[in-house]
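Take a look at the structure set out below.
Residue numbers (our numbering): 4 to 745.
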């Protein structure tokens, strides 16, 4: 089949009649007279008449062909039969199939249908391959799955495989066996890599994309420019096959399940937060959520209202029955995409949390109030065990055995102890410092600040006095929203109004940061305020130091500079929240993403020689061995599905350690909104692109690779010119020879 890039020039084709018109007009140019003496000339002319007529008609045909060639050259003809072109050049047609197997493809095509988009796509691919075998006899086929092209270990399912009746059954069976993927990866990256793998310049290629064309992946942007340019330059047709139904209802997903603060100890309620997002276009009411702790059901959760396009958060509690890894699972009712209806969480739980209280002197009133808040006794289980010490005896304590160290106005007398304290925090420990009358500003600067190397990047400015209000019941402090201390956000109204701070040590972290010369992008020391005066001066801030956390409170724990511990239970709530946030927590082994590699992290120097692991959804144990250059991390095979996995290894003393890890889906693909066919086609600007429904995949003419035949056309024109010149030359030469013979 022949097509034209500039078909408007075909209107000039009637110009090929010009040589005929000129020829006819030339025959009527002179009148005819009959002379008797020309009888002998006419007899000679009759003998040469046939040859002369043949020469004239040949010249006429050549001139018509010349005009036709020039007109067609301007119209830019293209041969649109890739099969014919391939037979002439010895090349097979090459069909590149990109199969989208990301998470959203597991959605059902409609609310009442059992078939998923993934099943529809695989069926359409096999129908297309079957049609190729019947119509083309043989062709080359490359098959790529999106998740395999963008994963850490790139894999290609088929690369230039010759497709014929013998290989069809094997390829179709392979496509049927493809498992659903839980990956959430950018489709444009996979398409770019597929285009790089295939040699578009030397082959006759047609690209077919089987996808659900969700808006999250197919948005306009610069990422499509390079892909479109390569396809356009190679004159590579693109066929888009949408496998999703526009009538499928919306989706609801559990986007987060995480601890929300508090003590992580056996028998102590563990605070958890659940986040649910409504990706549909209609509001939902009374959304039920099932929650399980160690496989046992917890009281069900009901979200009363979830408007369209919004998310809701719900806080709940689970009581850990044992130490070690606590497995939490949340479930939503089934909808069009079931893969994101479950969320998994593993929380390491300690037997108890050990706190060391360091006071400036024995019998410290600050220590009494803090210990009473953290570990009141009398049958109240907070999960915390406190031990008292004084600054002079701190060097005798094994501080590494504690989870949190609380300083109450004192300091560190030994420089070596100060270094041990920084190492304690860097390895994940916690520190809480209450200032007081015993706080030595110079000593504090030397022990805890030290610029960037210090635990607290602040400088205490001295004691500030505040006069009480005329209305004695009016307080002067307020709690600030803090991402790690969510329990403090509820401390308002009567719980805070009576609190009055009459004395505090002022500090200005902003000035200190500027003085230390820290850059804005490197302010891990900047800290976050959780308590402040109503006039804006910070009273309580948290900081990070290595893997540990520290907090500074610029007033006393005992009710000497304030009335906090006497008049408000918020003092107890604040200390328990701070202890839960600051105390050393054993980190989960990993929190993997389904469809990606799981990376197990271990404390430096403690990497086992061999590790056995079992991925979610698998009943086979895999083995990992440490390699040079991976001292603190091991990588597994890609996680096939969400759920709980296990990790097992032996310690140096021969004990077996069994740990759990959670794998969840990336909810980026939970948004099932579709892009229109027109918008998708617009991403491939300048390309030969068409959208084909899966039901019509057998009717599409895929052999449409256009081959520019202007170069051979121009060569033909030059040959015609040369032939015409040769014919004229021979005619003139023959006539000259005839005259000489006479």
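C-beta atoms are modelled at their ideal positions from N, C-alpha and C, and glycine is treated no differently.
If we ignore side chains and look at the alpha-carbon of each, how far apart do residue i and residue j end up?
i	j	result
residue 12	residue 310	59 Å
residue 384	residue 355	10 Å
residue 477	residue 420	42 Å
residue 515	residue 480	Residue confidence for residue 515 is low, a pLDDT of 49 falling below 50, so the modelled location carries little weight; the figure read from the coordinates is stated next. Spanning the two alpha carbons is a distance of roughly 23 Å.
residue 510	residue 464	6 Å
residue 298	residue 380	31 Å
residue 118	residue 663	34 Å
residue 549	residue 428	7 Å
residue 296	residue 331	5 Å
residue 339	residue 645	17 Å
residue 22	residue 73	14 Å
residue 65	residue 722	10 Å
residue 175	residue 627	34 Å
residue 575	residue 407	16 Å
residue 1	residue 624	The first residue shown for the chain is 4 and the last is 745, placing residue 1 beyond what the model contains.
residue 270	residue 404	21 Å
residue 207	residue 136	17 Å
residue 149	residue 209	18 Å
residue 211	residue 599	26 Å
residue 171	residue 320	56 Å
residue 219	residue 675	8 Å
residue 105	residue 672	8 Å
residue 20	residue 10	20 Å
residue 652	residue 637	12 Å
residue 78	residue 314	58 Å
residue 16	residue 70	8 Å
Which stretch, first to last residue, makes up the beta strand (DSSP E) that contains residue i?
i	result
residue 652	646-653
residue 318	314-321
residue 545	541-548
residue 3	Nothing can be reported for residue 3: it is not among the residues displayed for the chain, which extend from 4 to 745.
residue 97	96-102
residue 579	That residue, residue 579, is in no beta strand (DSSP E); its alpha helix (DSSP H) goes 573-585.
residue 179	Element bounds for residue 179: not the beta strand (DSSP E) but the alpha helix (DSSP H), 171-179.
residue 408	407-411
residue 553	551-556
residue 193	From DSSP, residue 193 is part of no beta strand (DSSP E) but of the alpha helix (DSSP H) over 190-200.
Rounded C-beta distance between residue i and residue j? I'm assuming under 8 Å.
i	j	result
residue 661	residue 640	That pair is no contact at about 20 Å.
residue 181	residue 125	6 Å
residue 288	residue 307	7 Å
residue 482	residue 504	The pair is not a contact, with the Cβ atoms about 13 Å apart (cut-off 8 Å).
residue 246	residue 213	6 Å
residue 345	residue 337	Incorrect: roughly 11 Å between the Cβ atoms, too far for contact.
residue 144	residue 100	7 Å
Among the options, which one has its Cα closest to the Cα of residue i?
i	options	result
residue 178	407, 132, 531	132
residue 1	362, 390, 484, 462	Because the chain in this structure spans residues 4 to 745, residue 1 falls outside the shown range and cannot be described.
residue 678	168, 185, 193, 223	223
residue 697	582, 68, 121, 109	121
residue 447	462, 426, 346, 434	462
residue 588	318, 109, 552, 667	552
residue 343	350, 279, 323	279
residue 18	28, 61, 68, 10	68
residue 459	506, 543, 395	543
residue 102	116, 123, 111, 492	123
residue 183	190, 686, 107, 116	107
residue 602	582, 546, 665, 566	665
residue 276	266, 261, 290	261
residue 687	147, 585, 221	221
residue 497	28, 323, 567	567
residue 196	590, 163, 147	147
residue 248	166, 616, 109	109
In the DSSP assignment, find the unbroken alpha helix (DSSP H) run with residue i in it and report its ends.
i	result
residue 287	Counting along the chain, residue 287 falls outside any alpha helix (DSSP H), though it belongs to the beta strand (DSSP E) covering 287-296.
residue 569	567-570
residue 1	Nothing in the structure corresponds to residue 1, since the chain is present only between 4 and 745.
residue 433	Note, residue 433: premise wrong, no alpha helix (DSSP H); beta strand (DSSP E) at 433-437.
residue 418	418-429
residue 369	368-377
residue 151	149-153
residue 228	226-236
Just checking: is the beta-carbon of residue i within a distance shorter than 7 Å of some beta-carbon in chain B?
i	result
residue 97	Here chain B cannot be found, since the structure has a single protein chain.
For the ligand SAM, is there a heavy atom less than 6 Å away from the beta-carbon of residue i?
i	result
residue 615	This structure does not include the ligand SAM; it has no bound ligands of any sort.
Q: Count the C-beta pairs between the region 360-379 and the region 556-564 that are closer than 8 Å, then say yes if the count reaches three, no if not.
A: yes
Q: Spell out a yes or no on whether the region 232-246 and the region 686-697 are touching, meaning 3 or more CB-CB pairs, one atom from each, closer than 8 Å.
A: yes
Q) For the 8 Å Cβ check, are there 3 or more pairs between the region 589-599 and the region 566-581? A) no
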